[in-house]
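What follows is a short report on a single structure.
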Amino acid sequence: MINIMKRFVESSVNQAVSDDAPTTDDATAMGMSGESGVSLPPSSIDPPQSTERPTPRVGGVAPAPTSRERTPSSTVTLRRSVPKADLVMAIERFQYAMLLAERKTAVGQLQKLWADADIPDEAHRLIIPVILNALVTDPRDTELMEAMLELMQSIVTVNPSNATFLLQEPHALDTILGLMQDPSPWIRGPTVQLIKRVQDGDSSSFATHILACQEGLRLLLEVVEDKREHIRDTAVQILLSMTLNQTPMTLRHVQQFLAFEDGFTRLFQIVDLELDGHGMESAVLADSLHVILNMVRNNTMTQSLLRETPFIPVLFPLLLEAGLPPSPSDQRADHDDAMSSEPAGAAGLDSALEILASVVGPVFANTPPEELDEIARRDQTKRHDERGAVQAHLAALPEVVQAVGEVACRGVSLADRKHAIQVLHLLCDENDANQVMALTLTSMTGPTPMYVLSMCLALDVHHEETPLGASARTLLDNVWYNDLAKISILQHIHVPPPHEAGAIEPVGQALIKRMATTLDALVAQSTAALSLTPKDAAKIVWKCCARWRSLLHNNECKLLALRVPAPHATHAVSGSCFLTACVKWVVDMPRTKAHYPVLVGLFRLVLGWVHGCGPAIQEIVTSIPTLTFLCQNIDKLPANNATSDQIEVELAGLSAMMLGVCLDGLDGKSPVPLTKEQVLGWITRQVGLQKFTDAFGHMQQLSTFQNSSTRTGADGVAAVYDKTFVQWFKHVADTTRVGILNVYMGAASSGGTVGDDSRSRAYQDLIRMQDQQLHALQEQVRHLTTGGAPAPSSLDALENELASARTFIADLKQAQDHNESRIRGLAAANDLVERELQRKEAELKTFLQSAKPPSSSTLPASSSASLNDRAWPEEHQLRMDQLENDLRRLQRQLQDKDDELDGARHTIELLSVHQSIVSTAHVPTRDQSVQVDGPDETVLVHQRVATLERELQEAHDMHRATVSTLVARHEQAAKEWESDASAKLNQALQAQAARLDAQHQAQVDEWNVTRVRISPWQRTNHIDHECTPMLCDG
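Take full-length UniProt numbering: the final residue in the sequence shown is number 1034, and no numbers are missing along the way.
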């Protein structure tokens, strides 16, 4: 039977060789020797020649020639078709082969068929169960096992659907995973390669089938520890693919299983070996770190396990330092080099930074809440609760934080630097202690030591917007808006923190230095020396002003900032502080469109500094050049509604706002030696109150000011006038108008309610009218003084104005007489009311004296007891209570009127005395009524009721008289003020008219003299007898 089978096999092989023998190489490879049948090629029994990652050999032990052995004619030969019967016979020959040589021959034939022929899919599914069964049955030979595994690889590679079919076979994956425990590398290597091919063919269900195996992941982790690099590297790639593109539940199971099966230890051992041997350029190191990253991403449990291991404090400083340039010459000292071509960074460094970001950052940060399951939401809540502890744990590792700072400053690629800055941002996010710690985080490996935040500041205020600058701005914003960090930044300007490397420039000094250098260049119009255009320099100044303005958030920070000296001064005394330097830059800045953002930024900086800070206000109002500059800006506005330059209008509005803020701060509580009256007098003399208040209105009417929500600043940096600033501007305008009224009305303590009273509007109109007239007269005097003799038309205008002024004075006198007569009538009525009140008081005293109760000793004891037990009639008692309630209500109303009408205190005091007398009369009246017997009781009650009704009527009369008195007194005061103003105006107009008349008379005289001088030239002979009378008359 065995001989029959041999002959059958030999005949089948000969038939296959005769049908497919295009080249001599194929015939030689398929030749037979001896009794063992078909011999295998020598390459199939040789060990691998390289320890690098092997590429899958499709041919394996098959007799098919390799790519380097094929002739040019064989490479273009198409795959031949094989009859299905021949395929089935070849598979059955392999399945039923009993001897080792027969099985090797059948495997070689199958390898050749799969390499050269076009095999249908159903044939693939026929051979897979046969090979799986042969892998676990005898005879077991290393060469045969390797050949079968490589044949399985070629089957899975040719058609990826075969991988799915293989995974669905019962115990197929268990069988293949069991082969990884074989001690022979010739079996473990192809087995791992086969698992990788299966995973590549069906990556979606591979992890599920691995988890379904009893020890699948454990076996893969054991292979990771293999000393043969090609086996170890392939196992790492398998783990990497398993942690990618999985469902949340499957990925969570894989993460936790790998973490609890010492996955961190095994993978970090590979990282340590590769770092020592190949550095950060090792692909295996990058894959291992990527697997660790996928293990800890969005999983608080595995992150907790990683924090408990010593690998972060031990290995991560080495990993981060390995990603730095090898020498200081490679450092980009100037951030402008960041805009050049970007070198490629190491993939391992990016994974290391990602691991730190995952450990310290939030979980599922970029996942919508509706896509999270219950476990994910629970992890989010847990991370939010323990975020501070996690940040403190990483901050307690100074070597790691220092290494991250070094990468942020001197990383090889921009992506590495950006990623390191993001890690620092996550470390400082919502953590005050870490934010203060970041102020002193230093980079020591460069040519000169520098603070990390100083580097971030240089990137933030750069004129070009880059992704790296955006990340630096995010970190700065996180630290900059911490109150304690702001105070520390300002304090470090005066006293830099000590450092072992010597004094290092703090971030505050770096900000002032960059701002001062750029502003000096703009003022001198020499920005080309800084390799900047005026527009780029304006962007830098705008950003620096915004940074400095954000430091001045409260009065304490403003006072600390006043201790900062000017850039070219050594001590911050009055006149040489940084605030004064900012004002000087505003004064010296050219008024061009390119410098417009700079002016606005500096104005907003000074406004924010002065607001609510008394010493800062003192620096402004005690400087005559500064006040003159502000008044000149306001004076450039046109007197009428004529159009003017938008920049001039905005500068006038900002100058008026500056003066308004200073006026509001002069409340008498600050140590400023000036008062509101003095500053207002200066403004009145320089520009006048009309222009001063009109500057606010012109500013608010600008379209750019009204549409502040869509207005952008220096090339889109920020809004020039944001909504908050617009509201503040309007508030300052209203407060300034109210403050001016308070000063002129002498009611400085009344606050903002004055502006709402109708009387204040009358005062406001009168002040505006006087201011207009005063400045019109000043303009006329200035014109007459500097412009010579006026023209006849101007003289007529002046005479018309003088006539109208006299008419106005007459009208004022007539109104004054009318008001005085009305005041006299009201005064007489007031005297009449006072006399009536005195008469009523006398009657009350008489009534009280006549109603004095008799002595209690004259009444018998029995009558006293009967009177005490007697009850008053119910209706009289109710009437008395009602009258008493009315009296108390009126008394409360009178008391309220006392608070509202401060000008009538004397009258209110008289009313209070009267009320006290009435209240003292209640008790004796009641005692007297109680002691009266019989019919006299009713009489006394009626008398008491009548008395209370009279008192009620007198209170009503007194209230009306009080209101009338107050109105009269107010009108009297208004008329007195009006008469004084009319008198002053009349005197001024009369003096002006007298001067004009004198000038007019002088001009007439001069004209007559001139006419006399030129008359002899015009004489003729026929009028000689008429010249003498004319000269005599002259």
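Quick reminder that beta carbons are idealized off the backbone N, C-alpha and C, glycines included.
| query | result |
| --- | --- |
| Cβ pair VAL314, LEU289 closer than 8 Å | no |
| Runs of alpha helix (DSSP H) wholly within the region 647-698 (minimum 4 residues, chain order) | 676-686 |
| Bounding residues of the alpha helix (DSSP H) (the contiguous stretch that carries TYR596) | 596-610 |
| Chain B contact for VAL461 (CB, 8 Å cutoff) | Of the protein chains in this structure there is only one, and it is not chain B. |
| Contact check, LEU394 vs ALA352, beta carbons under 8 Å | no |
| Cβ separation of PRO467 and LYS513, assumed to be a contact under 8 Å, to the nearest whole Å | In fact, because the Cβ distance is near 26 Å, the residues do not count as touching under 8 Å. |
| Start-to-end residues for the alpha helix (DSSP H) that takes in ILE128 | 121-135 |
| Close Cβ partners of GLU978 (< 6 Å) along its chain, the five nearest in sequence each way excluded | none |
| Outcome for VAL88 when other beta-carbon atoms lying within 10 angstroms are tallied against a minimum of 16 | exposed |
| Reduced DSSP category for ALA396 - H, G, I as helix; E, B as strand; rest coil | coil |
| Buried/exposed call for LYS227, threshold 16 Cβ in 10 Å | exposed |
| Of the listed residues GLU505, HIS611 and CYS213, nearest to HIS494 (C-alpha basis) | GLU505 |
| Per DSSP, the bridge partner or partners of THR442 | TYR451 |
| For LEU293 and GLU354, the rounded distance between their alpha carbons | 7 Å |
| Cβ neighbour criterion (16 or more within 10 Å) applied to TRP832 | Reading off the sequence, residue 832 comes out as Leu, not Trp. Exposed. |
| Inter-residue spacing [alpha-carbon to alpha-carbon] between VAL436 and GLY388 | 15 Å |
| Cβ shell of PRO449 (< 8 Å), same chain only, five flanking positions each side left out | THR442, SER443, HIS499, ALA501, GLY502 and ILE504 |
| Complete runs of the beta strand (DSSP E) confined to the region 150-190 [at least 3 residues] | none |
| Check whether VAL390 and CYS428 have beta carbons under 8 Å apart | no |
| Three-state secondary structure assigned by DSSP to PRO565 | strand |
| C-beta atoms of VAL254 and MET242 nearer than 8 Å | yes |
| Residues that GLN81 bridges to, as DSSP identifies them | The question names Gln, but residue 81 is Ser in the sequence shown. Its beta-bridge partners are ASP118. |
| CYS577 in three-state terms, based on DSSP | strand |
| Beta-carbon contacts of residue 1041 that lie in its chain and below 7 Å, excluding the five residues immediately before and after | With the chain represented from 1 up to 1034, any question about residue 1041 goes unanswered, as that position is not in the structure. |
| Buried or exposed by the 16-neighbour rule on C-beta atoms within 10 Å, applied to HIS492 | buried |
| Candidates PRO183, LYS691, GLU146 and LEU179, of which the one nearest LYS104 by Cα | GLU146 |
| Minimum C-alpha distance to GLU820 - residue among GLU801, GLN727, GLN700 and LYS975 | LYS975 |
| Contact set for ILE634: own chain, Cβ-Cβ below 7 Å, skip 5 residues either direction | ALA652, SER655, ALA656, VAL687, LYS691, PHE692 and ALA695 |
| Nearest-angstrom Cα separation, counted from GLY323 out to SER154 | 40 Å |
| Distance between LEU132 and ALA172 (C-alpha atoms, nearest Å) | 7 Å |
| Residue 1037 - containing alpha helix (DSSP H), residue span | Because residue 1037 is not part of the residues shown, which for the chain are 1 to 1034, the question remains open. |
| Inter-residue CB distance, ARG473 and ASP483 (contact presumed, cutoff 8 Å) | Not really, about 20 Å apart at Cβ, beyond 8 Å. |
| Rounded C-alpha distance that separates GLU143 from LEU221 | 26 Å |
| Span separating the alpha-carbon of ARG252 from that of GLN246 | 9 Å |
| Start-to-end residues for the alpha helix (DSSP H) that takes in GLY361 | Counting along the chain, GLY361 falls outside any alpha helix (DSSP H), and DSSP gives it neither H nor E. |
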